[in-house]
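J.:
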Amino acid sequence: MADPLDIPDPSRHGLDPHQLGAHPLSGHGLSRRGFLSSTALAAGAYGVLAACASESSGPEAKATGQAPKEVFTSPASKLGGSLNILMWSHFIPRHDKWFDAFLADWGKRVGVKVRVDHINTVDVPRRAASEIQAGKGHDLIQHIAPFSQYEPSVLDMADVVQEANRRWGQQLELCRKSSYNPNTKHFYAYCPGWSPDPGDYRKSMWQKAGMPNGPASWDDLLRGAAEIKRTTGVPCGIGLSPETDSNMAARALLWSFGGSVQDENERVAINSDATVAAVEYMARLFEQAETSEVFSWVPASNNQALIAGKSSYILNSISAWRTAMGTNRTIGDDIFFTPALRGPKAALAAQHVIQQWIIPKYSPNAAAAKEFLLHYTANFPAVTYNSELYDLPGWPSLVPQLNGWLDNDPYGAKPANKLSLLKSATSWSANIGYPGPSNPAIGEIFNTNLLPTMFGRAARGQASPRQAVADAERQINAIFKNWRGRGLVGG
């Protein structure tokens with residue numbers, strides 16, 4: 001994949017971040033200059049970069065519903081300058097086509113230049129770290145997993161959240177806990193949306209195993225997936241590699257067995273009998289129902305395996321199914337979903353995607369970035385619709401038609417209510433710091449893949465389950481000690 005086009009140094013625009021305007025955000029000493037523009041987009045540079053390992057590709061599902069009408073609120077004062085955005089290449093290609101045109105239109109309306117670079121989601125953390133370290137780069141960065149470890153280097157987004165709460169009511173607690181540090185009382189990120197992480201299964205395979213509705217528990221998964229692999233050779237697809245989906249699966253399994261990385265007071269709690277039991281379970285699942293491919297997967301791998309009939313069950317969003325809806329309808333109609341699997345202690349899943357919009361402190365265009373985020377949030381009905389119901393709102397009041405869409409899919413699902421289980425997704429979904437917040441220590445643990453490594457070492461036989469947990473605890477303790485010493489983690 002080629003590098004993005006030249007990244008402008010925001011300082012060259014000569015913008016003063018302390019100039020104020022008559023706007024709810026201006027009381028926080030933010031610039032009113034530099035808002036949005038469509039220069040790069042109007043020239044046809046839609047989606048500068050496509051994802052190399054996107055979870056979705058090929059033809060799109062056909063829309064059968066009516067797209068929501070977009071809304072626009074004029075800025076409180078005259079805008080100008082530039083805004084440069086870095087964001088992931090969405091797993092639903094339709095979203096980026098819509099987003100780029102949406103951004104271009106906004107830029108034309110307000111008379112500000114804009115640039116957006118879409119890159120593979122696996123490259124966003126590395127790119128963000130590089131730009132933050134260099135002190136220059138994009139003014140607004142979006143990622144789909146916690147960026148709490150960057151709190152010292154990004155602006156507090158409390159003013160944007162407060163304004164959003166004023167306009168649309170209280171933010172979803174899941175999104176709040178994924179963007180707020182209770183120790184510093186800072187919002188290190190802005191979280192307007194999220195995506196659930198249900199189980200995705202091939203109904204035809206599970207029907208033959210005697211479970212036409214798929215597994216309801218981790219015990220069901222082990223028994224059913226082992227039977228499917230024994231009779232057909234098709235394995236289960238729970239990842240054990242250093243990537244996002246494996247991280248999410250590790251947490252779902254851990255929580256369902258009663259374990260967690262930290263407790264609600266941010267004290268390390270990983271080394272417990274419950275965690276050891278979860279690791280023992282994963283070793284059995286790997287031995288009886290998986291193959292070594294899961295140790296080298298990237299985020300696209302489980303989707304591709306499910307669609308190709310090479311996995312019977314994965315933990316993922318709805319993107320694999322949406323891809324199949326556009327490429328092979330027979331396969332798409334065979335993919336169904338389950339809520340979080342029930343374990344000995346709970347039935348919980350991590351959010352699959354948690355939107356993290358951050359503004360590095362080096363950006364002179366903070367007000368522009370924050371204004372855009374409010375405009376984007378105000379149009380979340382269009383975000384949800386154009387992501388083919390992948391992105392759900394962090395402010396639920398914004399999308400009153402959501403339950404109707406989930407009951408009657410606007411993209412032609414068979415049956416039409418295939419996604420109706422997502423109406424209750426908030427009841428079985430948790431932030432990755434559960435039962436505590438997604439603090440900087442949790443962010444670092446996630447981004448260094450300590451949990452899938454812990455599970456994977458035991459599954460490979462490189463360490464006993466208890467030793468793998470003890471080794472992970474030592475690394476986790478060191479991470480917590482570092483961040484606690486900086487006053488950014490409680491406990």
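The sequence shown runs 1 to 491 under UniProt numbering. The beta carbon of each residue, even a glycine, is placed where N, CA and C say it ideally should be.
By alpha-carbon positions, which one of ASP96, GLY412, TRP405 ends up nearest to LEU421?
T.: Answer by Cα proximity: TRP405.
J.: Within the continuous alpha helix (DSSP H) that includes THR448, where are the two ends?
T.: It is not in any alpha helix (DSSP H) - THR448 carries neither H nor E in the DSSP assignment.
J.: Thinking C-beta only, is TRP255 closer than 8 Å to ALA430?
T.: For ALA430 and TRP255, yes; Cβs fall inside 8 Å.
J.: Spell out the partners DSSP gives GLN262 in its beta bridges.
T.: Bridge partners of GLN262: VAL268.
J.: Start and end of the alpha helix (DSSP H) containing ASN303?
T.: Looking at the DSSP string, the run of the alpha helix (DSSP H) that includes ASN303 is 301 to 307.
J.: Out of THR330, ALA369, LEU398, which one is the CA nearest neighbour of LYS414?
T.: The shortest C-alpha separation from LYS414 is found at THR330.
J.: Counting only runs of 3+ residues fully inside the segment 72 to 135, write out the beta strand (DSSP E) ranges in chain order.
T.: DSSP runs (the beta strand (DSSP E)) wholly in the segment 72 to 135: 82 to 88, 113 to 119.
J.: Quick check on LEU140: does DSSP put it in helix, strand or coil?
T.: DSSP places LEU140 in strand when its eight states are reduced to three.
J.: Let me know if ASN213 comes out buried or exposed under the rule of 16 or more other beta-carbons within 10 Å of its beta-carbon.
T.: Result: exposed.
J.: What's the C-alpha gap between VAL489 and TYR434?
T.: So the two alpha carbons sit approximately 14 Å from each other.
J.: Counting along the chain, where does the beta strand (DSSP E) carrying GLN356 start and finish?
T.: Its beta strand (DSSP E) spans residues 356 to 358.
J.: Quick check: the segment 369 to 382 against the segment 266 to 282, are there 3 or more CB pairs under 8 Å?
T.: These segments do not touch.
J.: Need the endpoints of the beta strand (DSSP E) that SER256 sits in, please.
T.: Note, SER256: premise wrong, no beta strand (DSSP E); alpha helix (DSSP H) at 244 to 256.
J.: Could you pull the start and end residues of the beta strand (DSSP E) that ARG342 belongs to?
T.: It is not in any beta strand (DSSP E) - ARG342 carries neither H nor E in the DSSP assignment.
J.: Would you list the residues sitting across from HIS186 in a DSSP beta bridge?
T.: Note: HIS186 sits in a beta bridge opposite ASN181.
J.: DSSP beta-bridge partners for PHE336?
T.: TYR201.
J.: Given this structure, state the Cα-to-Cα distance separating TRP194 from VAL383, to the nearest angstrom.
T.: Rounded to whole angstroms, TRP194 to VAL383 spans 11 Å at the Cα level.
J.: Taking the Cβ atom as the reference point for each residue, do SER387 and HIS95 lie within a distance shorter than 8 Å?
T.: Yes. Within cutoff.
J.: Give the straight-line distance between the Cα atoms of ASN271 and ALA101, rounded to the nearest whole angstrom.
T.: Their backbone Cα atoms lie some 49 Å apart in a straight line.
J.: Can we say the segment 214 to 226 touches the segment 177 to 190, given the rule of at least three CB pairs closer than 8 Å?
T.: Judged by Cβ distances under 8 Å, the segment 214 to 226 makes no contact with the segment 177 to 190, as fewer than three pairs qualify.
J.: Closest by CA to TRP168, which one among PRO393, TRP297, ILE354?
T.: When only C-alpha atoms are compared, the closest one is PRO393.
J.: Sort TRP88, LEU398, ASN449 by Cα distance to residue 577 and report the nearest one.
T.: In the structure as shown, the chain starts at 1 and stops at 491, and residue 577 therefore has no counterpart that could be examined.
J.: Taking one C-beta from the segment 98 to 112 and one from the segment 201 to 209 each time, how about it: are there three or more such pairs within less than 8 Å?
T.: Output reads no: the segment 201 to 209 does not touch the segment 98 to 112.
J.: Taking ASN482 as the reference, give the member of PRO465, THR453, ILE445 with the closest Cα.
T.: If we check each option's Cα against that of ASN482, ILE445 comes out closest.
J.: Is the segment 145 to 163 touching the segment 357 to 371 in the sense that three or more CB pairs, one from each, lie closer than 8 Å?
T.: Yes: the two stretches touch, three or more of their Cβ pairs being nearer than 8 Å.
J.: Taking DSSP's pairing of strands, which residues face GLY237 in a bridge?
T.: ILE314.
J.: Which same chain residues end up closer than 7 Å to ILE476 when comparing Cβ atoms and leaving out the 5 residues on each side of it in sequence?
T.: So the list reads VAL261, VAL268, ILE270, ILE445, LEU450, once near-sequence residues are dropped.
J.: For a minimum of 4 consecutive residues, which ranges assigned as the alpha helix (DSSP H) are wholly contained in the segment 409 to 458?
T.: Qualifying alpha helix (DSSP H) stretches, in chain order: 440 to 447.
J.: If I measure Cβ to Cβ from SER424 and keep anything under 8 Å in the same chain, skipping five residues before and after, which residues do I get?
T.: So the list reads PRO339, once near-sequence residues are dropped.
J.: Would you check if the distance between the CB atom of PRO465 and the CB atom of ALA458 is smaller than 8 Å?
T.: Yes, Cβ-Cβ distance for PRO465 and ALA458 is below 8 Å.
J.: Determine the DSSP secondary structure at LEU392, reduced to helix, strand or coil.
T.: Strand.
J.: On a Cα-Cα basis, can you pick out the residue from GLU131, GLN288, LEU315, SER89 that is closest to VAL122?
T.: Nearest option by C-alpha distance: SER89.
J.: On a CA-only basis, which of PRO68, SER74, LYS113, TRP98 is nearest ILE85? Give me that one, please.
T.: Among PRO68, SER74, LYS113, TRP98, the Cα nearest to that of ILE85 is on LYS113.
J.: Does DSSP classify ALA216 as helix, strand or coil?
T.: Residue state, collapsed to three classes: coil.
J.: For ALA468 and GLY456, I'd like the C-alpha separation in whole angstroms.
T.: Distance between the alpha carbons of ALA468 and GLY456 is about 9 Å.
J.: Just to confirm, are ALA283 and ILE307 a CB contact at a threshold of 8 Å?
T.: Taking 8 Å as the Cβ cut-off, ALA283 and ILE307 do not qualify as a contacting pair.
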